[in-house]
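For the record, in the sequence shown the residue sitting at position 147 is 147 according to the working numbering, with numbers rising by one throughout. Note that beta-carbon positions come from the ideal geometry of N, C-alpha and C, so glycine has one too. Read the structure below first, then the notes.
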Amino acid sequence: DPKFDYCYQISWSGGDKVNCIKKISAGASTINAALEKNKEIIERYYAVQNMPLFMDPSRVISDRIPRYSYLIDVSKLMGAKALLDIKKGGLSSGIDWFESDLNFYKRICQSEQVSLIALMIAVAEFKINFSEVSKIIEDPTIDLAGNEDRLRKMLTVELDTGKMMEVALTMESR
């Protein structure tokens, strides 16, 4: 049960998305150190992210609650890495990561076994990832090389919100 160690924080104030990506580039050594320190947790994240279905493991109030903070923390770290890769010319791998992360959170939202907290985490992660993708689109220094439609498609998520809430509230009532 390792502790996640990533204290690198960037201020996104003022809506200056170009400088935000520059700040990430300036913090490359911190990001790379965090990737190395948290290797085990990142591997576990990828294992969970690649599962075909999301199952919330807690069933009753006495069950151990999953470490949802790890989902948020690893997603932020990997998002920073993806932005760093994109800034260095790895557009395809960076976009692939955002796409897979968004698909993971979409599977959580569509799960028949989702709790209210897992649903709230997924929706928060959509917001974080959407912000990161918009930085890519709006940065004039990044050559999107024909990926504009793919990026914009990532910003459009169609979910049955009524069913999501019904499932989550049913799980909570159990």
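Original post:
How big is the Cα-Cα spacing for W12 and Y105?
Top reply: Position 12 of the sequence shown, counted from the first residue, corresponds to residue 12. Position 105 of the sequence shown, counted from the first residue, corresponds to residue 105. Residue placement at W12 cannot be trusted, given a pLDDT of 49 that sits under 50; what the coordinates show is reported in the next sentence. Taking the straight line from one Cα to the other gives about 23 Å.
Original post:
Taking the C-alpha atoms as reference points, what is the distance between L116 and I108?
Top reply: Position 116 of the sequence shown holds residue 116. Position 108 of the sequence shown holds residue 108. If you take the alpha carbons of L116 and I108, they lie about 11 Å apart.
Original post:
Looking only at its own chain, which residues have a Cβ that is under 6 Å from the Cβ of I137, when we skip the five neighbours before and after it?
Top reply: Along the sequence shown, one-based indexing puts residue 137 at 137. Excluding residues within five positions, the ones whose Cβ falls inside 6 Å are L151.
Original post:
Which whole-angstrom value describes the C-beta separation of K87 and I31, a residue pair presumed to lie in contact below a C-beta threshold of 8 Å?
Top reply: Position 87 of the sequence shown, counted from the first residue, corresponds to residue 87. Position 31 of the sequence shown, counted from the first residue, corresponds to residue 31. With a Cβ gap of about 11 Å, K87 and I31 do not count as contacting.
Original post:
With burial defined as no fewer than 16 other Cβ atoms inside 10 Å of the residue's Cβ, what is the status of D160: buried or exposed?
Top reply: For the purposes of this step, residue 160 is taken as residue 160 along the sequence shown, with counting starting at 1. The residue is exposed, with fewer than 16 neighbouring Cβ atoms inside 10 Å.
Original post:
Applying the criterion that 16 or more other CB atoms from any shown protein chain within 10 Å of the CB defines a buried residue, is Y45 buried or exposed?
Top reply: By 1-based counting over the sequence shown, the position of residue 45 is 45. Y45 should be labelled buried.
Original post:
By DSSP, does F4 sit in helix, in strand, or in coil?
Top reply: One-based indexing of the sequence shown puts residue 4 at position 4. In this structure, F4 counts as coil in the three-state DSSP scheme.
Subject >> Nonlocal neighbours in the same chain, by C-beta distance under 6 Å from L102, ignoring five residues either side >> reply: The sequence position of residue 102 within the sequence shown is 102, counting from 1. Excluding positions up to five away in sequence, the list reads N129, M154.
Original post:
How about I42 and L53: are their beta carbons less than 8 Å apart?
Top reply: Position 42 of the sequence shown, counted from the first residue, corresponds to residue 42. Position 53 of the sequence shown, counted from the first residue, corresponds to residue 53. No, the pair does not count as a contact, with Cβ atoms beyond the cut-off.
**OP:** For the alpha helix (DSSP H) containing E158, list its first residue and its last residue.
**Re:** One-based indexing of the sequence shown puts residue 158 at position 158. Neither: E158 is in no alpha helix (DSSP H) and is coded neither H nor E.
**OP:** Let me know the secondary structure DSSP gives E112 once reduced to three states.
**Re:** Within the sequence shown, residue 112 is the residue found at index 112, counting from 1. E112: coil per DSSP, three-state reduction.
Original post:
Hey, which unbroken runs of the alpha helix (DSSP H) at 4 residues or more fall wholly within the stretch 29 to 111?
Top reply: 39 to 49, 68 to 87, 91 to 110
**OP:** Kindly list the residues whose CB is nearer than 6 Å to the CB of G79, restricted to its own chain and excluding five residues on each side of it in sequence; keep chain order.
**Re:** What you label residue 79 is simply residue 79 of the sequence shown in a count that begins at 1. Counting only Cβ-Cβ distances below 6 Å, and skipping sequence neighbours, we find E132.
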